[in-house]
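In my numbering, the protein residues as written are 3 to 85.
Virtual Cβ for every residue (Gly too), placed ideally from N, Cα, C.
Just so you know, these numbers come straight off a predicted model, no measurement behind them.
Notes to accompany the following structure.
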Amino acid sequence: MKDQMQDSKRVKLDGFGSFKIGLNCRGARSAKAFTITDNIEGMHVVFTPERSHDQAGNRTKQFLQGVKVEELPENKVSKEDGE
């Protein structure tokens, strides 16, 4: 996986998602003025979770399928004097 990503390839794990390397760059006045040492500030790994489509064409990320959002009951915390 590491070798593939360092060879500028996206690595896909079926049922999970894909990984690739991204660059943090500082802009240059022109393409000719851009240099690796002056403009590339760092690298990071970009993860994109696998997505699925429903019949209506809506996309859902794999890890969010079946997630429900509920409001929790009010948390009544009693504070002692002086806190």
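Listed in chain order, the non-local C-beta contacts of Phe65 below 7 Å within the same chain comprise Pro51, local neighbours out to five positions each way being set aside. For Ser20 and Glu73, the gap between their C-alpha atoms comes out near 32 Å. Listed in chain order, the alpha helix (DSSP H) runs fully inside the segment 34–68 are 38–41, counting runs of at least 4 residues.
Listed in chain order, the non-local C-beta contacts of Gly29 below 8 Å within the same chain comprise Asn41, local neighbours out to five positions each way being set aside. The shortest CA-to-CA distance from Ile38 to any of Val48, Gly68 and Asn26 is the one to Asn26.
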